Each structure stands twice: as structure tokens, then as C-alpha cells.
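Enquirer:
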Amino acid sequence: TDQGDQTALNDAGIILLPQSRTVPDLSFTDQDGQPFPLSQLKGQWTVLFFGYTFCPDICPTTLAQLRQIKSELPPETVDKLRIVLVSVDPDRDTPQQLKQYLGYFDKGFVGLRAPVDTLKNLANAVSIPYIPADTSKPGYTVDHSGNLALLGPDGTQRGFIRAPLNSQKLVAQLPGLVERK
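Positions 5 to 185 (my numbering) are the ones given, in order, by the sequence shown.
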């Protein structure tokens, strides 16, 4: 039943929106320095994580967990799932920096950066708040949410995955989720 599914999904920290939300087709640059319009995310389910490479705690933990989850999912689920780090620190996160950082976790992860205005626009659209940093201070950190936005293959936001991630339950629930249209 859908109700049973819903409970199991919620239990795994997957919160589906009653109505999917349109995500604006904003322009980003990927970790190879190539233009990456958000419409390019269509065709797969996308887990969107807002973070940055100088992040001391949440980000490495979340990316390591996502790598772990990905390694335990069946290959046909992995094919339908894309993991994207959206940098909330475009000042320091050059494409090269993103590429090197994501390479430590999984070369299949996508890293995106854009000017702060574009970033705010996306963060607001998917309701994942972050506070732009005072970049004048050395060693600054950026306050951001550990929650992940979940986008469907049609490019709309379908929901959230709540932090902290429950790897075991997500591994159990994601295969069924990515079969949805």
C-alpha cells in the first residue's frame, strides 16, 4: 500500500512532498568547468546536497555516507540515482577544488558551483536554507543545512532526505523510490 510505503520512507528520513515543486533552470558550472544547466538533471533521481569542500564536519560525513549507501545499492538503482554537491562556498570552491574533493569520495559525484545569487535562488526553491558566509574572515565557515533535496526524473523536487542519514534504511528504501516516475 502507498500508506505503508509512506511510513517506511518517513522512517528512513525520506519525506515526500504532497505536490512536486518546480526547480528553476539555473546555470551552474560543474567540476570539469563545463556549463551545467539544472535541466541537465532530468532523466535520473537526484540527491542534492548543499555543502562545501572546506566544511569541517557535516559535509565529509554526509559524502562518506552517500558513498557507503551507493556502494550497497543494486547497480540498477545506482544507474537511476545521481548525487550532486552544490557548493555554498563559490569563493573557495573552484571547479578544480570540487573535482579533487569529490574524487576522495566517488568520482561519479557531481559538483556544482554558481554565484551566490543563483545559489540563493536554488536554496530557496528547494527550501534548504543556508547563510552566505562573511568571506572576508580567514578560515570562515558557512552555515548550511544537512538535509538533502530529492529531485525526480522530471526535474521537479519530490521531497527531502533528512539529516542525519540512516544509511541502512536508505539502502532499503531507495531502490523502490527510484522506480517511481
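Quick reminder that beta carbons are idealized off the backbone N, C-alpha and C, glycines included.
Predicted model, so just to flag it, every value in this text is computed and none were measured.
Using DSSP with H/G/I as helix, E/B as strand and the rest coil, what is G4?
Expert: Look at the range of the chain in this structure, 5 to 185, and you will see that residue 4 is not part of it.
Enquirer: Taking only the alpha-carbon atoms, compute the straight-line gap between S75 and K141 and give it to the nearest angstrom.
Expert: Here residue 75 refers to the residue found at position 71 of the sequence shown. Here residue 141 refers to the residue found at position 137 of the sequence shown. In a straight line, the C-alpha of S75 is about 38 Å away from that of K141.
Enquirer: Helix, strand or coil, according to DSSP, for Y144 in the structure here?
Expert: Residue mapping note: residue 144 aligns to position 140 of the sequence shown, counting from 1. Note: Y144 maps to coil in three-state DSSP.
Enquirer: In the DSSP assignment, what residue or residues form a beta bridge with S31?
Expert: Counting from one through the sequence shown, the residue named residue 31 turns up at place 27. According to DSSP, which records beta bridges pairwise, S31 is partnered with P41.
Enquirer: For the candidate residues L155, N170, L169, whose alpha-carbon lies nearest to that of G163?
Expert: By 1-based counting over the sequence shown, the position of residue 163 is 159. Comparing Cα-Cα distances from G163 to each of L155, N170, L169, the minimum goes to L155.
Enquirer: Would you say R96 faces chain B, with C-beta separation under 9 Å as the test?
Expert: Absence of chain B from the displayed structure is noted, only one protein chain being present.
Enquirer: Is it buried or exposed, R117, if we count other Cβ atoms within 10 angstroms and call 16 or more buried?
Expert: What you label residue 117 is simply residue 113 of the sequence shown in a count that begins at 1. Buried: at least 16 other Cβ atoms inside 10 Å.
Enquirer: Answer yes or no: do G17 and L169 have a C-beta to C-beta separation smaller than 9 Å?
Expert: Counting from one through the sequence shown, the residue named residue 17 turns up at place 13. Counting from one through the sequence shown, the residue named residue 169 turns up at place 165. Closer than 9 Å, so yes.
Enquirer: Kindly list the residues whose CB is nearer than 6 Å to the CB of S91, restricted to its own chain and excluding five residues on each side of it in sequence; keep chain order.
Expert: Position 87 of the sequence shown, counted from the start, is the residue given in the question as residue 91. Result list for S91: Y56, D97, R117, in chain order.
Enquirer: Could you spell out where the alpha helix (DSSP H) holding R71 opens and where it closes?
Expert: Numbered from its first residue, the sequence shown carries residue 71 at position 67. 62-76 is the span of the alpha helix (DSSP H), which, as asked, contains R71.
Enquirer: Assign I135 to buried or exposed, taking buried as 16 or more other Cβ atoms, counted over all protein chains shown, within 10 Å of its Cβ.
Expert: The residue labelled residue 135 in the question sits at position 131 within the sequence shown. So I135 counts as exposed.
Enquirer: Here's a check: name, in chain order, each residue in its chain whose Cβ is nearer than 6 Å to the Cβ of K84, leaving out the five neighbours to either side.
Expert: Residue 84 sits at position 80 when you count from the first residue of the sequence shown. Closer than 6 Å at Cβ, skipping near neighbours: Q48, W49, V182.
Enquirer: If contacts are defined as beta-carbon pairs under 8 Å, then V175 and I73 qualify, I think. What distance do you get, rounded to the angstrom?
Expert: Position 171 of the sequence shown, counting from 1, holds the residue named residue 175. Position 69 of the sequence shown, counting from 1, holds the residue named residue 73. With 8 Å as the limit, V175 and I73 qualify as a contact, their Cβ atoms being about 6 Å apart.
Enquirer: For S171, does the three-state DSSP call read helix, strand or coil?
Expert: For the purposes of this step, residue 171 is identified with residue 167 of the sequence shown, where counting begins at 1. S171: helix per DSSP, three-state reduction.
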